[in-house]
Amino acid sequence: MSTLIFDIETVGEDFDRLDETSQDVLTRWITREAESSEQYAAALADLKNGMGFSPLTGQIVAIECMMANGKKGPSTSNLLPGRKKQASKSTAANSK
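Okay, structure coming up:
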């Protein structure tokens, strides 16, 4: 049986360009959980860097599929022309 591998490239919204309400909702848990300003800053940086992994704050910019034997299938890239690509990568694999 063959294995088909999907590589999905995503980018997240720019946190600093979100409206104040969205920023408050996204950081509410950080405010509650952080025990110091250093913990808050670290959690906020993680949140900003992970925006591409959420279906609510990320967008797909490229999809590629490949057979596990190395033969490439169809590829779609540059789904959002003009958008600066930031490397957030998730891979879904093993569709048989």
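The numbering used here runs 162 ahead of the 1-based position in the sequence shown.
Cβ coordinates follow ideal geometry from the N, Cα and C atoms, glycine included.
Keep in mind the model is a prediction, meaning the values are calculated, not measured.
* To do: Would you tell me roughly how many angstroms separate the C-alpha atoms of R190 and A203, rounded to the nearest one?
  => Numbered from its first residue, the sequence shown carries residue 190 at position 28. Numbered from its first residue, the sequence shown carries residue 203 at position 41. Computed Cα separation, rounded: 13 Å.
* **Burial state of M229, where buried means 16 or more other Cβ atoms lie within 10 Å** => Residue numbering aside, residue 229 sits at position 67 when the sequence shown is read from its first letter. With fewer than 16 Cβ atoms within 10 Å of its Cβ, M229 is classed as exposed.
* Where the alpha helix (DSSP H) through R179 begins and ends -> Position 17 of the sequence shown, counted from the start, is the residue given in the question as residue 179. No alpha helix (DSSP H) holds R179; DSSP gives it neither H nor E.
* From R179, D178, E171 and A196, residue whose alpha carbon lies closest to that of I225 -> In the sequence shown, the residue the question calls residue 225 occupies position 63. That would be E171, whose Cα lies nearest to the Cα of I225.
* To do: Using alpha carbons as the reference points, say which of L206, E197 and E175 lies closest to F215.
  => Start at 1 with the first residue of the sequence shown, and residue 215 comes out as number 53. Comparing Cα-Cα distances from F215 to each of L206, E197 and E175, the minimum goes to E175.
* Looking only at its own chain, which residues have a Cβ that is under 6 Å from the Cβ of D181, when we skip the five neighbours before and after it? -> Within the sequence shown, residue 181 is the residue found at index 19, counting from 1. Counting only Cβ-Cβ distances below 6 Å, and skipping sequence neighbours, we find nothing.
* To do: Could you tell me whether the Cβ atoms of F168 and C227 are closer together than 8 Å?
  => Numbered from its first residue, the sequence shown carries residue 168 at position 6. Numbered from its first residue, the sequence shown carries residue 227 at position 65. Contact: yes.
* Asked: Smallest Cα separation from A205: which of L166, R179, I192 and T183?
  -> Locating residue 205 in the sequence shown gives position 43, where the first residue counts as 1. Ranking L166, R179, I192 and T183 by Cα distance to A205 puts I192 first.
* Just mark L188 as buried or exposed, buried being the case when its beta carbon has 16 or more other beta carbons within 10 Å. => For this step, residue 188 is matched to residue 26 along the sequence shown. The residue in question, L188, is buried, as its Cβ has 16 or more Cβ neighbours within 10 Å.
* Within 10 angstroms of its Cβ, does M163 collect 16 or more other Cβ (buried), or is it exposed? -> The residue labelled residue 163 in the question sits at position 1 within the sequence shown. By the 10 Å Cβ count, M163 comes out exposed.
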